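Letter by letter, the sequence shown follows residues 5 to 322 of my numbering. Note sheet for the following structure.
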Amino acid sequence: MPLRFRILPAEDARADGPAGPLVAREVELPDGLEELRVGRRADVELPLPFAALSALHARLRRGADGWTVEDAHSVNGTWLDGEPLTPGERRAFDRGAELRFGNVRLRFEGDGPAPAESPLEHTATIARRLVADLLAGATDGAPTLTVVRGAPARSLHLVALERPYVAGRAEPCALPLGVEEVSREHAAFVRDATGVVVRDLGSKNGVVVAGARVAGERRLVDGDVVEIGPVAVRLDDPVGRYLRELEGAAPEPAAEPVAAAPAPSLEIAPAPEESSAPPSAEMALPPIRRPIGSSQVAVAVSIAVLLLLVAATFAILL
Numbered sequence: 005m006p007l008r009f010r011i012l013p014a015e016d017a018r019a020d021g022p023a024g025p026l027v028a029r030e031v032e033l034p035d036g037l038e039e040l041r042v043g044r045r046a047d048v049e050l051p052l053p054f055a056a057l058s059a060l061h062a063r064l065r066r067g068a069d070g071w072t073v074e075d076a077h078s079v080n081g082t083w084l085d086g087e088p089l090t091p092g093e094r095r096a097f098d099r100g101a102e103l104r105f106g107n108v109r110l111r112f113e114g115d116g117p118a119p120a121e122s123p124l125e126h127t128a129t130i131a132r133r134l135v136a137d138l139l140a141g142a143t144d145g146a147p148t149l150t151v152v153r154g155a156p157a158r159s160l161h162l163v164a165l166e167r168p169y170v171a172g173r174a175e176p177c178a179l180p181l182g183v184e185e186v187s188r189e190h191a192a193f194v195r196d197a198t199g200v201v202v203r204d205l206g207s208k209n210g211v212v213v214a215g216a217r218v219a220g221e222r223r224l225v226d227g228d229v230v231e232i233g234p235v236a237v238r239l240d241d242p243v244g245r246y247l248r249e250l251e252g253a254a255p256e257p258a259a260e261p262v263a264a265a266p267a268p269s270l271e272i273a274p275a276p277e278e279s280s281a282p283p284s285a286e287m288a289l290p291p292i293r294r295p296i297g298s299s300q301v302a303v304a305v306s307i308a309v310l311l312l313l314v315a316a317t318f319a320i321l322l
């Protein structure tokens, strides 16, 4: 039996947009999965395209005793029935349990078919459907075709799912081009649950994407330019662009404010005080040379005479 989850609407909203899903969605996953990865990445088993989730946010594992959930070291955490998990911790859960990844809540419905009144989404389409809910407006986030070369400028919104929007020379076409080199019904664009495909309707001059002629049909991505004969048409897919940009973005920081670490205490020695008094005269002036007195001269002469007499006496003795 397939696994079923119910994605619950976000409990809070911010001025810059919702923090999670706007409406409830039922999602079904194939039976036989032993591990179910949850995150923002497109290649996980349950992709949830919300900025609060990490690329790989959590793992759900099936064991002999049932299912367990493990937080994969996410930025904004994982909760089971309102209780946070520590990174790497595994905790068992059962039918009816509420799992929260960041601000996105899911209820585990267990195995079995969904009620008839609850349309199911599959993992290949759930991410686009959730983003379309966020971008809902006049065109429901619909892809748009815009003529960029070779014919008068015009745009076409691909609002309806599974409807072929025909581009060609004939006036009744959904995208009339009015160019002789374009076949009456040249190409068809079809929006499905996973994006947009273009089909060549047997045209004479062909349909070309990225330099390659389309044989049958080709899936398009946001920004692709489709050449219909000499006419160029660009696809703008806001859902695809949102998913591509979100996958490369870092998750939003946790909502709880983080207390700033106290600034280190620095002790700064006071600068020495500068004296406002002028420097002393003793330090500023050169030393004073005092004059020699007459008594000092007489003493010096007497000593000199005495030395001469001593020298003469030694000379006589020798």
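For glycine and all other residues, C-beta sits at the position ideal for the given N, C-alpha and C. None of these values were measured; they are calculated from a predicted model.
Sequence-distant residues of its chain with Cβ nearer than 6 angstroms to residue i (five each side left out)
i    : result
R153 : A236
A59  : G43, R44, R45
G215 : none
G81  : P88
R203 : A192, E221
W83  : R104
P156 : none
Within 9 angstroms, strictly: CB atoms of residue i and residue j
i    : j    : result
V79  : G36  : no
E251 : R104 : no
L149 : F193 : yes
D75  : L89  : yes
A136 : V213 : no
S239 : V200 : The sequence shown places Leu at residue 239, rather than the Ser named in the question. Taking 9 angstroms as the Cβ cut-off, L239 and V200 qualify as a contacting pair.
R132 : R94  : no
L160 : A178 : yes
P34  : P53  : no
Rounded C-alpha distance that separates residue i from residue j
i    : j    : result
D98  : S207 : 56 angstroms
N209 : V170 : 16 angstroms
T72  : A62  : 11 angstroms
A14  : L138 : 12 angstroms
V218 : A28  : 38 angstroms
V230 : R109 : 40 angstroms
E175 : G182 : 7 angstroms
A101 : L162 : 39 angstroms
R245 : E189 : 29 angstroms
L165 : I11  : 23 angstroms
L50  : E39  : 11 angstroms
A146 : A68  : 44 angstroms
V48  : G227 : 25 angstroms
V225 : D241 : 7 angstroms
P180 : A253 : 39 angstroms
L134 : V211 : 32 angstroms
I130 : D115 : 18 angstroms
P91  : V151 : 50 angstroms
T198 : R223 : 9 angstroms
G24  : R41  : 18 angstroms
Per-residue DSSP class, three states only, for residue i
i    : result
R248 : helix
R41  : strand
P6   : coil
P180 : strand
A219 : coil
R153 : strand
V211 : strand
A131 : helix
A136 : helix
P255 : coil
P168 : strand
P290 : Note that P290 scores 42 on pLDDT, short of 50, meaning its location in the model is unreliable; the coordinates nonetheless yield the value given after this. Looking at P290 - three-state DSSP - the assignment turns out to be coil, as it is neither helix nor strand.
V79  : coil
V200 : strand
V225 : coil
V31  : strand
Proximal residues to residue i (C-beta, below 7 angstroms), its chain only, five neighbours per side dropped
i    : result
G70  : A96, D98
A185 : Looking at the sequence shown, residue 185 is not Ala but Glu. These residues qualify, in order along the chain: N209, G233, P234.
A55  : L250, A253, P255, E256
D196 : L165, E166
Where the beta strand (DSSP E) containing residue i begins and where it ends
i    : result
V230 : 229-232
R173 : Run containing R173: none; DSSP gives neither H nor E here.
S159 : 159-161
L194 : Reading the sequence as shown, one finds Val at residue 194 and not Leu. It spans 191-196 - the beta strand (DSSP E) in which V194 sits, taken as one unbroken run.
T72  : 70-75
T1   : The displayed coordinates of the chain run from 5 to 322. Any statement about residue 1 would go beyond what the structure contains.
V48  : Segment: none, V48 is in no beta strand (DSSP E) and carries neither H nor E.
E185 : Note, E185: premise wrong, no beta strand (DSSP E); not H, not E.
V108 : 108-115
D240 : 235-240
E102 : 102-105
Close Cβ partners of residue i (< 8 angstroms) along its chain, the five nearest in sequence each way excluded
i    : result
D85  : F97, A101, E102
L205 : V170, G172, S187, E189, H190, A191, A192
L26  : P13, A14, D137, L138, A140
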